[in-house]
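Participant:
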Amino acid sequence: MASRREWSTLSDGYRSRLERKGIDRAAYESGASLKTARGHRDTPEHPRDAARRPTDFTAYRVRNAKKINVLTDNGLRRVRLDKADRSKVAQHWNAAKIWAKKGQSERINAMAGVTVQDVDTGENIPLAGASMDLYELALTGQMNVESIYVAA
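Numbering (our numbering), first residue to last: 15 to 166.
1) On a CA-only basis, which of 124, 30 and 130 is nearest residue 101? Give me that one, please.
2) Taking only runs of the beta strand (DSSP E) that begin and end inside the stretch 91–136, which ones reach a length of at least 3 residues, in chain order?
3) Could you give the DSSP three-state label for residue 162: helix, strand or coil?
4) List the whole-angstrom C-beta distance separating residue 152 from residue 114, where the pair is believed to meet the contact cut-off of C-beta under 8 Å.
5) Which residues mark the beginning and the end of the alpha helix (DSSP H) in which residue 151 is found?
6) Could you check the C-alpha separation between residue 116 and residue 91 for me, to the nearest Å?
7) Cβ of residue 93 within 7 Å of Cβ of residue 132?
8) With C-beta atoms as the reference, is residue 40 less than 7 Å away from residue 87?
9) Using the rule of at least 16 other Cβ atoms within 10 Å of the residue's Cβ for burial, across every protein chain shown, is residue 79 buried or exposed?
10) Please classify residue 107 as buried or exposed, where buried requires at least 16 neighbouring CB atoms within 10 angstroms.
11) Please classify residue 146 as buried or exposed, where buried requires at least 16 neighbouring CB atoms within 10 angstroms.
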């Protein structure tokens, strides 16, 4: 964790902002949490914090969730995911396209079984590995760039 700067080196505007939120010099120097003063009482300061501690930021994850198509061993599923899980799914789709086009299965098989969580139900959904069912999706054109996004 980075150490805090000295109170005297903070800009006048930032010091004023902290003081408006009830953090004076003594509180700052004693290590008081700055989350509220920075506007992050109910939201994570970084999206990866929501992924690390999903129960602490459930409302944030649900509010920012979007529907996306997920490649599973049972075919395509439309699921609402938070940003971190959507990123996993996009990586998985890229690996699946490389496998379907070039036959390189290392990346997709490395992601097989990795789970993403439906924010509405809490269900953990495992990603697909290389399989004939997945190959069928590629052959029928259901596994293309546009397929990952659910139409609004």
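Quick reminder that beta carbons are idealized off the backbone N, C-alpha and C, glycines included.
None of the values given here were measured: they were computed from a predicted structure.
Facilitator: Checking against the coordinates, here is how it stands:
1) When 124, 30 and 130 are compared, the shortest CA-CA separation from residue 101 is found for 130.
2) Qualifying beta strand (DSSP E) stretches, in chain order: 129–131.
3) Here DSSP, grouped into helix, strand and coil, assigns residue 162 to helix.
4) Between residue 152 and residue 114 the beta-carbon gap is near 4 Å, inside 8 Å, which marks them as a contact.
5) Where residue 151 is concerned, the enclosing alpha helix (DSSP H) stretches over 146–153.
6) Cα to Cα, residue 116 sits roughly 24 Å from residue 91.
7) In this structure, residue 132 lies closer than 7 Å to residue 93 by Cβ.
8) Not in contact: residue 40 and residue 87 (Cβ atoms no closer than 7 Å).
9) Result: buried.
10) Buried.
11) Its Cβ having fewer than 16 others within 10 Å, residue 146 is exposed.
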